[in-house]
Structure formats: C-alpha cells, structure tokens
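In what follows, a structure is listed as structure tokens, so that the remarks can point back to it.
Residue numbers (the UniProt record's numbering): 1 to 315.
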C-alpha cells in the first residue's frame, strides 16, 4: 500500500502531514494549589507538617540573612568615601586601608602554614594510620575539642606563649601563629572528610596500574578531594577575617602597617571593633562592615572559581 495515500488530503487534494497538537498543561491557579495542599494535609498530616516546618525554617533563615546583610549595607554603604582608603590612618579620615593590608598579610601567612599541616595530617589519618586505632581516635577527638574552644582562649594562649614567653610582644607573627592553631583543626577535619569521600576504587585502579602509594595520593586522591578541602579553607578564611578576640591579645590594635612581622597592627575586624567601642565613628564602623562583607564574598568567589578551574583542568 502506498504510504502517500494514507496522508490526510487538504482542499487542494495534496497530501500533507498533520501534526497533532500536544495538550498544553493548564496553569495551576492559587485556589487549586490551596485545595491540593489542604487535601495533602488531610490525607497525610504528618508529612504536611514536616514540609511546613522545613519551608518555614528555610524562609526564616533566608529572611534573617537578608535582613542582616541589608541592614549593614544600607547603614554603611553611603559612608564609604575615598578618605576611608587613605594609606595612613588619622583621627580625621579613620582610614581602613592599613587594617585591610594587615588582614591580607595575616590571612595569607596563616593559610600558608595551616593548609599544608592540616592536609598532611589528614593524609596520615586516612591513608597511613590504622583504621580504628587509638591514636586516630585521640587525634580526632582532640581536633573536635579544639574546634569548639572559644577564640579568646586561643588569644590568651597566644599572648602567654608567643607574646610573653617568646618575647614577640604584640605582632603580626604572634597573631598569625595563634590563628594557625585556631584554624588547624577545622582544615584537618574537612580535609579528612574530603579524603574519606574519595572512592576506594580510585585507589585500587591506581595500584592496579602500577602506581605507588605517594603517586596515588598526590595524583589521584588529592585532586579528587580538592573541592572538599577548599570548602574547609574557605571556612577557615572566613574565621580568620572575622576574628577579633584572639588578635586583640596577640596582634594588638595599632592602626598602621608595620615594617616587619614583629610589628603590631589591627585587622578589619579589630578596626571595626575599636571604632564601635569608642562610639565616635559609628558610621565608619558600618562602612568597614560593608567592606568586610565584600572581602569575605570575594574570597569565597575566588575559592569557588579556583575549585572549578582545578576540576576542569583535571577533567
């Protein structure tokens, strides 16, 4: 049978292909949605209540975050002036530039020391230590305990050991090493979880191809765990940038960029604390808070971009 004869004929008698119209889903109205929700609540009250609590918690979390960020931005963005970024601080311009430079220096120094220590400690716990050994249990328990200690305790230790016992006084080096001790448990635990998340099949495949232990760790395991490790680094960076109490005891609050690491200097968080505690420059304190928010967001964005590039390059 000729296929063309089965085609529908139009008025001109020519064979044409008719495509059936697909049914268009009717847009749900608000009343229908409410009726559906009420029916679900009637049939499954427990599930509906749990869903309501989840939505309520998410909405409250988002609302609080938007309120905090919006309040700080509205109060501070109009007071961001060029004088606020002068290289030298004085009582007239209340410049935050020295504090910003000190923040960058201390953050970089702390991360350069803490990241290798934390990652190598995590490699030891995951790849070399015996599973379930008492040493591993003690190390993990100690790291979790140190993560919950208030930062002012770290500051007191740093003041007694670095500033007093080693006679470094108030200095960027004393503050940076105190921050290293503070963020080391966080980096170690997040790196350990990231390494544990790497499937064992990756290691077995590498061993099967003749690779050794170290080559497998540095060429297979670590690149795969990079996103998880970077998430811990981002959290540690946020804690460094926002730290105040520990640095008041170790780095001091001098509003200048020291000539070397043994000089005293304040960070952005300490700068904001000093301005708000004095009560004379509240507007500049809010402006500093806005800059601090931008710095944290920029660091998070750079970390995310770095993780994407590493994964893309590896792929």
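C-beta atoms are modelled at their ideal positions from N, C-alpha and C, and glycine is treated no differently.
- Distance between residue 64 and residue 54, taken at the CA atoms: about 15 angstroms.
- Of the residues 99, 110, 74, 199, the one whose Cα lies closest to the Cα of residue 180 is 110.
- The straight-line gap separating the alpha-carbon atoms of residue 162 and residue 252 is approximately 13 angstroms.
- The DSSP-derived three-state label of residue 198 is coil.
- Considered as a whole, the stretch 220-251 harbours 222-241, 245-250 as its complete alpha helix (DSSP H) runs of no fewer than 4 residues, in chain order.
- Taking C-beta separations shorter than 8 angstroms and ignoring five residues to either side along the sequence, the partners of residue 147 in its chain run 185, 186, 189, following chain order.
- By the criterion of at least three beta-carbon pairs nearer than 8 angstroms, the stretch 149-165 is not in contact with the stretch 84-98.
- Looking at 250, 312, 81, 206, the one whose alpha-carbon comes closest to that of residue 166 is 250.
- For residue 216, the enclosing alpha helix (DSSP H) starts and ends at 213-216.
- Here DSSP, grouped into helix, strand and coil, assigns residue 312 to helix.
- About 18 angstroms separates the beta carbon of residue 196 from that of residue 307, a gap too long to meet the 8 angstroms contact definition.
- The C-beta distance from residue 289 to residue 76 rounds to 6 angstroms, short enough to meet the 8 angstroms contact threshold.
- In terms of Cα proximity to residue 151, the closest of 66, 62, 244 is 244.
- Taking 8 angstroms as the cut-off, the beta carbon of residue 193 is found no closer than this to the beta carbon of residue 238.
- When secondary structure is reduced to three states using DSSP, residue 133 falls in the coil class, being assigned neither helix nor strand.
- Under the three-state reduction of DSSP output, residue 170 falls in the coil class, being neither helix nor strand.
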